[in-house]
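As C-alpha coordinates, the structure follows; a few thoughts come after it.
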Amino acid sequence: MDYFEMIARSTASFLVLLLVARLLGRKQLSQLTFFNYITGITIGSIAADIAGESKTPFFEGLTSLIWWSVLTLLVGYIGLKSPRARVVMDGQPVIVMKDGKILEDTLGKHHLNMDDLSMLLREKNVFSTNEVDTAIFEPDGKLTVFLKSGNQPLTKKDQDIITGKPTYFPTELIVDGNILYQNLKEVGISEEWLRNQLNYFQVKLQDAFYVELQENGTLYIDRRRDRLKE
(Lines of atoms letter the chains of each structure in order from A and count residues from 1; the text may use other names and numbers.)
(Lines give C-alpha, C1' and ligand atoms only; values in the text may rest on other atoms or scores of the structure.)
Protein backbone atom coordinates (compact mmCIF):
# COMPACT_ATOMS: atom_id res chain seq x y z
CA MET A 1 0.00 0.00 0.00
CA ASP A 2 1.44 3.40 -0.93
CA TYR A 3 1.28 6.37 1.37
CA PHE A 4 -1.35 8.24 -0.64
CA GLU A 5 -3.70 5.27 -0.61
CA MET A 6 -3.23 4.86 3.15
CA ILE A 7 -3.96 8.56 3.70
CA ALA A 8 -7.05 8.36 1.51
CA ARG A 9 -8.37 5.23 3.26
CA SER A 10 -7.67 6.68 6.70
CA THR A 11 -9.36 9.97 5.87
CA ALA A 12 -12.45 8.24 4.49
CA SER A 13 -12.64 5.91 7.49
CA PHE A 14 -12.27 8.87 9.85
CA LEU A 15 -15.08 10.83 8.19
CA VAL A 16 -17.44 7.84 8.08
CA LEU A 17 -16.66 6.98 11.71
CA LEU A 18 -17.36 10.58 12.73
CA LEU A 19 -20.70 10.49 10.91
CA VAL A 20 -21.58 7.13 12.48
CA ALA A 21 -20.75 8.43 15.96
CA ARG A 22 -23.09 11.36 15.47
CA LEU A 23 -25.88 9.16 14.13
CA LEU A 24 -25.65 6.60 16.92
CA GLY A 25 -25.99 9.30 19.56
CA ARG A 26 -24.77 9.84 23.09
CA LYS A 27 -26.05 6.54 24.43
CA GLN A 28 -23.61 4.67 22.21
CA LEU A 29 -20.75 7.02 23.09
CA SER A 30 -21.37 6.64 26.82
CA GLN A 31 -21.49 2.83 26.45
CA LEU A 32 -24.48 2.53 28.79
CA THR A 33 -24.83 -1.21 28.25
CA PHE A 34 -22.65 -4.17 27.35
CA PHE A 35 -24.24 -4.18 23.89
CA ASN A 36 -23.21 -0.54 23.35
CA TYR A 37 -19.70 -1.40 24.52
CA ILE A 38 -19.28 -4.36 22.15
CA THR A 39 -20.84 -2.46 19.24
CA GLY A 40 -18.50 0.50 19.76
CA ILE A 41 -15.43 -1.75 19.81
CA THR A 42 -16.56 -3.57 16.65
CA ILE A 43 -17.24 -0.37 14.73
CA GLY A 44 -13.82 0.98 15.70
CA SER A 45 -12.17 -2.30 14.72
CA ILE A 46 -13.81 -2.29 11.28
CA ALA A 47 -12.76 1.33 10.71
CA ALA A 48 -9.18 0.52 11.71
CA ASP A 49 -9.23 -2.45 9.35
CA ILE A 50 -10.30 -0.24 6.47
CA ALA A 51 -7.66 2.37 7.24
CA GLY A 52 -4.62 0.16 7.72
CA GLU A 53 -5.18 -3.23 6.09
CA SER A 54 -4.30 -3.28 2.39
CA LYS A 55 -5.83 -6.80 2.05
CA THR A 56 -9.26 -5.43 2.97
CA PRO A 57 -11.02 -4.05 -0.13
CA PHE A 58 -11.95 -0.49 0.68
CA PHE A 59 -15.55 -0.46 -0.52
CA GLU A 60 -16.30 -3.87 1.01
CA GLY A 61 -14.94 -2.70 4.35
CA LEU A 62 -16.90 0.53 4.07
CA THR A 63 -20.09 -1.42 3.34
CA SER A 64 -19.46 -3.58 6.39
CA LEU A 65 -18.97 -0.51 8.59
CA ILE A 66 -22.12 1.19 7.33
CA TRP A 67 -24.24 -1.96 7.60
CA TRP A 68 -23.04 -2.65 11.13
CA SER A 69 -23.98 0.91 12.05
CA VAL A 70 -27.42 0.50 10.47
CA LEU A 71 -27.99 -2.70 12.48
CA THR A 72 -26.98 -0.87 15.66
CA LEU A 73 -29.44 1.95 14.88
CA LEU A 74 -32.16 -0.61 14.12
CA VAL A 75 -31.62 -2.45 17.40
CA GLY A 76 -31.68 0.87 19.25
CA TYR A 77 -34.95 1.82 17.56
CA ILE A 78 -36.55 -1.52 18.42
CA GLY A 79 -35.45 -1.13 22.02
CA LEU A 80 -36.93 2.36 22.09
CA LYS A 81 -40.32 1.13 20.87
CA SER A 82 -40.54 -2.21 22.69
CA PRO A 83 -39.93 -2.52 26.47
CA ARG A 84 -39.68 -6.31 26.17
CA ALA A 85 -37.05 -6.11 23.45
CA ARG A 86 -35.18 -3.51 25.49
CA VAL A 87 -34.97 -5.89 28.46
CA VAL A 88 -33.67 -8.69 26.20
CA MET A 89 -31.04 -6.49 24.53
CA ASP A 90 -29.94 -4.25 27.39
CA GLY A 91 -30.89 -6.21 30.49
CA GLN A 92 -32.44 -4.53 33.51
CA PRO A 93 -31.32 -3.31 36.93
CA VAL A 94 -31.27 -5.89 39.71
CA ILE A 95 -31.29 -5.32 43.46
CA VAL A 96 -28.29 -6.94 45.17
CA MET A 97 -28.82 -5.37 48.62
CA LYS A 98 -32.18 -4.57 50.20
CA ASP A 99 -32.90 -3.20 53.67
CA GLY A 100 -29.19 -3.56 54.46
CA LYS A 101 -29.15 -7.28 53.58
CA ILE A 102 -26.99 -8.84 50.89
CA LEU A 103 -28.96 -10.97 48.43
CA GLU A 104 -26.32 -13.59 47.71
CA ASP A 105 -28.56 -15.61 45.39
CA THR A 106 -28.97 -12.55 43.19
CA LEU A 107 -25.22 -11.93 43.30
CA GLY A 108 -24.59 -15.50 42.15
CA LYS A 109 -27.07 -15.26 39.28
CA HIS A 110 -25.13 -12.29 37.92
CA HIS A 111 -21.70 -13.84 38.49
CA LEU A 112 -20.76 -11.47 41.31
CA ASN A 113 -18.95 -12.38 44.52
CA MET A 114 -18.43 -10.37 47.70
CA ASP A 115 -15.09 -9.04 46.46
CA ASP A 116 -16.84 -7.67 43.37
CA LEU A 117 -19.58 -6.09 45.47
CA SER A 118 -17.06 -4.56 47.89
CA MET A 119 -15.07 -3.11 44.98
CA LEU A 120 -18.18 -1.58 43.41
CA LEU A 121 -19.14 -0.07 46.76
CA ARG A 122 -15.66 1.39 47.24
CA GLU A 123 -15.97 3.02 43.82
CA LYS A 124 -18.92 4.86 45.37
CA ASN A 125 -16.79 5.80 48.40
CA VAL A 126 -18.70 3.33 50.55
CA PHE A 127 -16.26 1.33 52.65
CA SER A 128 -18.74 -0.55 54.82
CA THR A 129 -21.73 -2.58 53.66
CA ASN A 130 -23.44 -1.62 56.90
CA GLU A 131 -23.86 1.89 55.51
CA VAL A 132 -25.99 0.63 52.62
CA ASP A 133 -29.75 0.39 52.62
CA THR A 134 -30.21 -0.57 48.96
CA ALA A 135 -27.76 -1.36 46.16
CA ILE A 136 -28.80 -1.81 42.53
CA PHE A 137 -26.60 -3.45 39.90
CA GLU A 138 -27.18 -1.52 36.69
CA PRO A 139 -27.11 -2.86 33.09
CA ASP A 140 -23.82 -1.03 32.45
CA GLY A 141 -22.13 -2.95 35.28
CA LYS A 142 -22.12 -0.05 37.73
CA LEU A 143 -23.67 0.05 41.18
CA THR A 144 -26.25 2.55 42.37
CA VAL A 145 -26.18 2.90 46.14
CA PHE A 146 -28.77 4.33 48.52
CA LEU A 147 -27.30 4.82 51.97
CA LYS A 148 -29.04 4.40 55.28
CA SER A 149 -30.35 7.68 56.67
CA GLY A 150 -27.58 7.92 59.27
CA ASN A 151 -24.86 7.53 56.62
CA GLN A 152 -26.12 9.98 54.03
CA PRO A 153 -23.97 13.06 53.27
CA LEU A 154 -24.14 16.00 55.65
CA THR A 155 -26.27 18.99 54.81
CA LYS A 156 -25.70 22.58 55.96
CA LYS A 157 -27.97 21.88 58.91
CA ASP A 158 -25.66 19.07 60.01
CA GLN A 159 -22.40 20.99 59.97
CA ASP A 160 -22.30 21.37 63.75
CA ILE A 161 -22.15 17.58 64.26
CA ILE A 162 -18.80 16.44 65.68
CA THR A 163 -17.61 12.89 65.12
CA GLY A 164 -14.65 11.15 66.67
CA LYS A 165 -11.93 9.14 65.00
CA PRO A 166 -13.09 5.57 64.25
CA THR A 167 -11.63 2.78 66.35
CA TYR A 168 -11.43 0.36 63.41
CA PHE A 169 -11.44 0.54 59.64
CA PRO A 170 -14.40 -1.44 58.24
CA THR A 171 -12.92 -4.89 57.57
CA GLU A 172 -14.29 -8.12 56.14
CA LEU A 173 -14.04 -10.98 58.64
CA ILE A 174 -16.19 -13.66 57.00
CA VAL A 175 -17.03 -14.02 53.33
CA ASP A 176 -19.30 -16.80 52.11
CA GLY A 177 -18.97 -18.60 55.44
CA ASN A 178 -15.16 -18.55 55.40
CA ILE A 179 -13.16 -16.76 58.08
CA LEU A 180 -10.52 -14.37 56.69
CA TYR A 181 -7.72 -15.08 59.16
CA GLN A 182 -5.35 -12.51 57.67
CA ASN A 183 -7.92 -9.77 58.25
CA LEU A 184 -8.45 -10.96 61.82
CA LYS A 185 -4.72 -10.67 62.40
CA GLU A 186 -4.51 -7.19 60.86
CA VAL A 187 -7.23 -5.75 63.11
CA GLY A 188 -6.03 -7.63 66.20
CA ILE A 189 -9.09 -9.81 66.73
CA SER A 190 -9.02 -13.48 67.68
CA GLU A 191 -11.04 -16.23 66.05
CA GLU A 192 -12.41 -17.12 69.49
CA TRP A 193 -13.81 -13.59 69.93
CA LEU A 194 -15.41 -13.74 66.50
CA ARG A 195 -17.04 -17.10 67.18
CA ASN A 196 -18.29 -15.86 70.57
CA GLN A 197 -19.89 -12.88 68.86
CA LEU A 198 -21.61 -15.16 66.37
CA ASN A 199 -22.87 -17.33 69.23
CA TYR A 200 -24.16 -14.24 71.00
CA PHE A 201 -26.24 -13.34 67.95
CA GLN A 202 -27.20 -17.00 67.52
CA VAL A 203 -25.59 -17.26 64.11
CA LYS A 204 -23.73 -20.40 63.07
CA LEU A 205 -20.56 -19.92 61.02
CA GLN A 206 -22.01 -21.79 58.04
CA ASP A 207 -25.10 -19.54 58.15
CA ALA A 208 -23.07 -16.32 58.05
CA PHE A 209 -22.66 -15.23 54.44
CA TYR A 210 -20.84 -12.00 55.22
CA VAL A 211 -19.51 -10.49 58.46
CA GLU A 212 -17.82 -7.13 58.66
CA LEU A 213 -16.14 -5.33 61.55
CA GLN A 214 -17.52 -1.82 61.98
CA GLU A 215 -15.72 1.37 62.94
CA ASN A 216 -16.99 1.15 66.53
CA GLY A 217 -15.98 -2.50 66.99
CA THR A 218 -19.41 -4.03 66.42
CA LEU A 219 -20.22 -6.56 63.72
CA TYR A 220 -22.39 -6.29 60.66
CA ILE A 221 -23.76 -9.78 60.02
CA ASP A 222 -25.53 -10.86 56.86
CA ARG A 223 -27.13 -14.30 56.96
CA ARG A 224 -27.46 -16.64 54.03
CA ARG A 225 -30.56 -16.86 51.90
CA ASP A 226 -31.75 -13.31 52.26
CA ARG A 227 -34.49 -12.74 49.72
CA LEU A 228 -36.74 -9.90 48.71
CA LYS A 229 -40.19 -9.97 50.24
CA GLU A 230 -42.87 -10.62 47.65
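If you count by the working numbering, then the sequence shown holds residues 15 to 244, one letter each, in order. Note that beta-carbon positions come from the ideal geometry of N, C-alpha and C, so glycine has one too.
Separation of residue j from residue i, as counted between CA atoms
i, j, result
"Lys115", "Thr148", "8 Å"
"Val9", "Asp130", "Only positions 15 to 244 of the chain appear in this structure, which leaves residue 9 out of reach."
"Tyr224", "Ile188", "5 Å"
"Asn210", "Lys218", "10 Å"
"Ile150", "Trp207", "33 Å"
"Tyr195", "Ala222", "15 Å"
"Leu33", "Tyr91", "18 Å"
"Thr56", "Leu157", "26 Å"
"Val110", "Lys123", "10 Å"
"Glu19", "Leu161", "58 Å"
"Thr25", "Leu85", "23 Å"
"Pro71", "Ile64", "8 Å"
"Asn192", "Glu137", "25 Å"
"Tyr75", "Ile60", "Tyr is not the amino acid found at residue 75; the sequence shown has Gly there. Answer to the nearest angstrom: the Cα atoms are 7 Å apart."
"Ser132", "Lys69", "47 Å"
"Ser83", "Val89", "10 Å"
"Ser96", "Leu134", "30 Å"
"Arg237", "Leu94", "40 Å"
"Ser27", "Ala62", "8 Å"
"Leu198", "Pro153", "35 Å"
"Gln216", "Gln228", "19 Å"
"Arg98", "Gln106", "10 Å"
"Phe73", "Lys112", "54 Å"
"Ala35", "Trp81", "14 Å"
"Gly66", "Asp190", "50 Å"
"Arg239", "Gln220", "12 Å"
"Pro184", "Gly202", "13 Å"
"Arg100", "Gly54", "18 Å"
Burial state of residue i, where buried means 16 or more other Cβ atoms lie within 10 Å
i, result
"Glu118", "buried"
"Ala249", "This structure does not reach residue 249, given that the chain is present from 15 up to 244, and the question cannot be answered."
"Leu79", "buried"
"Asn50", "buried"
"Ser204", "exposed"
"Thr77", "exposed"
"Ser163", "exposed"
"Thr232", "exposed"
Supposed contact pair residue j and residue i - C-beta distance, whole angstroms, cut 8 Å
i, j, result
"Glu226", "Glu186", "6 Å"
"Asn144", "Tyr234", "4 Å"
"Thr120", "Val102", "Not confirmed; about 19 Å, so no contact."
"Leu29", "Leu87", "At roughly 18 Å, the Cβ-Cβ gap does not stay under 8 Å, so Leu29 and Leu87 are not in contact."
"Thr181", "Asn230", "6 Å"
Per DSSP, cross-strand counterpart(s) of residue i
i, result
"Val189", "Asn192, Tyr224"
"Met20", "Paired residue(s): none; Met20 is not in a bridge."
"Ile109", "Ile150"
"Leu319", "Because the chain in this structure spans residues 15 to 244, residue 319 falls outside the shown range and cannot be described."
"Lys115", "Lys112"
"Arg98", "None; Arg98 has no bridge partner."
"Tyr234", "Glu226"
Check: residue i C-beta below 7 Å from any heavy atom of the ligand MN
i, result
"Leu126", "The ligand MN is not part of this structure, which contains no ligands at all."
(request) Could I get the ranges of all uninterrupted beta strand (DSSP E) runs contained in the stretch 127-163, with 3 residues as the minimum, in chain order? (result) 146-151, 157-161
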